[in-house]
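Everything in the sequence shown is counted per this note's numbering, starting at 1 for the first residue and increasing by one.
The C-beta atom is built at its ideal place from N, Cα and C for all residues, glycine as well.
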Amino acid sequence: MDCIYENECANAPKSCFKCFNFSMYKAPKERRGLQPKSSTRKEVKEGMDFENRGAKKYNQAVRKAKDVARRQIASGALSHALGDVITEEQLTASLAEYKERGTVSAKGEKQITIKREWLEKLEWEARQMNRDYYFLPFTFKGCDDDYVAMNYEILLSYVQTIQALLEENRLLKQQLK
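What follows is the structure, encoded as structure tokens:
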């Protein structure tokens with residue numbers, strides 16, 4: 001006999017053969033989206049301000065495009081949204097991992113250690129997100145200056161892209177004359 005609850009039972013079809021008079025009926029779990037740990041939580045994840053500032057600066061630098069850079073959901077903790085910030089521009093779509101540190105050396109100077117594993121992981125994540133370009137912006141806590149670490153080949157690729165576009169513009173301007 002067919003069960004009238006077969007389509008809505010969480011145990012169907014794996015337990016149907018053992019069920020008698022709907023004794024193994026189990027209501028399906030209600031699916032809910034990701035929720036914050038606490039709705040009253042006021043603290044902000046360390047580095048989140050730097051990520052937002054970096055995405056904003058990137059968007060200001062790419063004047064013609066509309067918000068091509070955006071922070072990743074959960075700051076890259078999800079398998080389908082890796083990295084901290086992702087950009088969508090046509091020629092140079094990229095992935096970025098932001099680091100903000102406040103360590104001080106024995107001499108009292110601010111310092112940051114760029115770890116090779118960060119760069120290797122970022123390269124892997126960029127491939128997973130179908131991005132040829134990736135970079136690691138970093139800053140020191142309390143400092144307004146931002147810096148970037150990247151593979152030298154990527155920097156050269158940016159330079160080549162800029163040079164090719166400048167040459168294309170020069171040729172187009174010549175055609176207009």
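Let me know the secondary structure DSSP gives Ile86 once reduced to three states.
The residue you call residue 86 lines up with position 86 of the sequence shown. Ile86 falls in the strand class under three-state DSSP.
Endpoints, beta strand (DSSP E) assigned at Asp146
In the sequence shown, the residue the question calls residue 146 occupies position 146. Where Asp146 is concerned, the enclosing beta strand (DSSP E) stretches over 146 to 149.
Under 7 Å Cβ to Cβ from Val68, same chain only, skipping five residues before and after it: list those, please.
Against the sequence shown, residue 68 aligns to sequence position 68. For Val68, same chain residues with a beta-carbon under 7 Å away, outside a window of 5 residues either side, are Asn59, Val62, Thr87, Glu88, Glu89 in chain order.
Secondary structure of Leu166, DSSP reduced to three states:
To locate residue 166, count along the sequence shown from 1; it is residue 166. Helix.
Verify whether the separation of the beta carbon atoms of Val85 and Arg101 is less than 8 Å.
Residue 85 sits at position 85 when you count from the first residue of the sequence shown. Residue 101 sits at position 101 when you count from the first residue of the sequence shown. It is not a contact, given that the beta carbons lie outside the stated cut-off.
Leu95 beta carbon less than 8 Å from that of Ala126
Locating residue 126 in the sequence shown gives position 126, where the first residue counts as 1. Locating residue 95 in the sequence shown gives position 95, where the first residue counts as 1. Closer than 8 Å, so yes.
Take Ala93 and list the residues in its own chain whose beta-carbon comes closer than 6 Å to its own, dropping the five residues that flank it on each side.
If you number the sequence shown from 1, residue 93 lands on position 93. Excluding its 5 nearest sequence neighbours in each direction, Ala93 has C-beta neighbours in its own chain below 6 Å: Thr87, Arg131, listed in chain order.
Figure out for me which residue from Tyr25, Pro13, Leu78, Thr103 has the closest Cα to the Cα of Gly142.
On the sequence shown, residue 142 is found 142 positions in, with the first residue counted as 1. Ranking Tyr25, Pro13, Leu78, Thr103 by Cα distance to Gly142 puts Thr103 first.
Using DSSP with H/G/I as helix, E/B as strand and the rest coil, what is Arg101?
Here residue 101 refers to the residue found at position 101 of the sequence shown. Of the three classes helix, strand and coil, the one that applies to Arg101 here is strand, per DSSP.
Going by DSSP in three states, Lys42 sits in which element: helix, strand or coil?
Counting from 1 along the sequence shown, the entry for residue 42 is found at position 42. The predicted position of Lys42 is uncertain, since its pLDDT is 47 and thus under 50; a value taken from the coordinates is nonetheless stated next. DSSP places Lys42 outside both helix and strand once states are collapsed to three, so it counts as coil.
Name the DSSP beta bridge partners of Tyr133, please?
Residue mapping note: residue 133 aligns to position 133 of the sequence shown, counting from 1. Paired residue(s): Ser94.
Measuring straight from C-alpha to C-alpha, what distance separates Leu34 and Leu82?
For the purposes of this step, residue 34 is taken as residue 34 along the sequence shown, with counting starting at 1. For the purposes of this step, residue 82 is taken as residue 82 along the sequence shown, with counting starting at 1. The predicted position of Leu34 is uncertain, since its pLDDT is 49 and thus under 50; a value taken from the coordinates is nonetheless stated next. Straight-line spacing of the CA atoms in Leu34 and Leu82 works out to 17 Å.
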